[in-house]
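All residue numbers for the sequence shown refer to the working numbering, where the first residue is 2 and numbers rise by one.
Backbone N, C-alpha and C define an ideal beta-carbon position, used for all residues, glycine too.
Have a look at the structure below before the remarks.
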Amino acid sequence: MPYARVAEDVRLFHTDDGAGEATPLLLVHGWGADSHQWSWHLDALAAGRRVIAVDLRGHGYSSVPAEDNTPRRMAEDLAALLAALGVAKVVAIGHSMGGQIVSILAVEHPGLVERLVAVDPGYGIAPEVAGMFPRTIAALRSEHAHEAAVEIDRWCTNRRTPAVIRRWHRRRLYGMAPHVLAQAFEAMFALEDSIGVRPASDAYLARRSCPVLSLWADPNQAAWEEGLLKHPDSKVVVWEGAGHRLHEERPDDFVALVLGWLAG
């Protein structure tokens, strides 16, 4: 069955494809999305490896708890999922909020994460940008939560973003439980233990000991994270001019980048 119970009130939907001797890949989607986000990549990645793609709590086909829809709780869910599947170690790949979640998994459960891929991750936000977030969180808690979420989503695209990607994500956002959108966004950036905003990002991410492949659209963000990476096999790549979902915009290039780094 494609469901695993990871807490008393939470079952996670996941797919499990491919096989091979190499370390399995764990694919973790972003805020307001689900594992269908990896449909552009699954076949190519699973051609030579086991690939686990999961819907985070509150998202997709997984359970929607009333509370605790936070990156830290989601990371603990992933640890429980891997234990249920008997998987001892993964290459954890996360986009946006998923990049924050897999980084938490790597820090709190370092034995589980052999390598980490962060795709335009949801951390390293400048304090002056984060100053707008209390208003954003209030909008997500209002009766117009979905409209607020779609407004946030406009930041994720540019003129190069295919219309199908824009439409796909708008539809997913409108299908989300509003309280999950608010709780997850707030926990990423505005709580005492949030790691999404500098300097909290710097201190926490410097604790990652595994090799990290970090892919950014913004060269300034890429230069910032490069200074935090400790392992000599780590690498930072910039696709300047891409949208936030650059792996969806260039799926073949993304698969080639990840598999090339893993083989290197």
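CB contact flag (residue i, residue j, <9 Å)
| i | j | result |
| --- | --- | --- |
| alanine 85 | arginine 142 | no |
| aspartate 56 | leucine 83 | no |
| arginine 51 | aspartate 17 | yes |
| histidine 145 | arginine 246 | no |
| alanine 89 | leucine 113 | yes |
| alanine 223 | valine 213 | no |
| valine 259 | leucine 46 | yes |
| alanine 204 | tryptophan 240 | no |
Cβ neighbour criterion (16 or more within 10 Å) applied to residue i
| i | result |
| --- | --- |
| methionine 133 | exposed |
| aspartate 253 | exposed |
| alanine 165 | Looking at the sequence itself, residue 165 is valine, so the reference to alanine does not match. Result: exposed. |
| arginine 136 | exposed |
| tyrosine 175 | exposed |
| histidine 232 | exposed |
| glutamate 68 | exposed |
| glycine 123 | buried |
Beta-carbon separation (whole angstroms), residue i vs residue j, contact threshold 8 Å
| i | j | result |
| --- | --- | --- |
| valine 118 | threonine 24 | Not confirmed; about 12 Å, so no contact. |
| valine 29 | valine 103 | 5 Å |
| alanine 54 | tryptophan 39 | 5 Å |
| glycine 197 | isoleucine 126 | 5 Å |
C-alpha distance - residue i paired with residue j, whole-angstrom precision
| i | j | result |
| --- | --- | --- |
| arginine 161 | histidine 37 | 21 Å |
| arginine 199 | methionine 189 | 12 Å |
| glutamate 187 | isoleucine 138 | 6 Å |
| glycine 244 | glutamate 129 | 21 Å |
| alanine 80 | arginine 167 | 31 Å |
| arginine 155 | glutamate 148 | 11 Å |
| tyrosine 4 | serine 63 | 8 Å |
| aspartate 78 | methionine 98 | 15 Å |
Spatially closest choice to residue i from the options, by CA coordinates
| i | options | result |
| --- | --- | --- |
| arginine 209 | His15, Val65, Pro111 and Ala48 | Pro111 |
| glutamate 249 | Met75, His232, Ala34 and Ala185 | Ala34 |
| asparagine 70 | Pro220, Trp41, Pro179 and Gly197 | Pro179 |
| leucine 192 | Ala131, Lys231 and Asn221 | Ala131 |
| valine 65 | Val181, Ile166, Tyr4 and Ala264 | Val181 |
| glycine 228 | Ala218, Gly244, Ser202 and Trp240 | Ser202 |
| arginine 251 | Tyr4, Pro163, Glu115 and Pro128 | Pro163 |
| glycine 261 | Trp156, Gly244, Glu241 and Asp234 | Asp234 |
Short CB-CB distance (under 9 Å) between residue i and chain B
| i | result |
| --- | --- |
| valine 92 | In the displayed structure, chain B is absent; only one protein chain is listed. |
Residue i Cβ short of 8 Å to the ligand NAP heavy atom set
| i | result |
| --- | --- |
| valine 65 | Of the ligands one can find in the structure shown there are none, so the ligand NAP has no counterpart to examine. |
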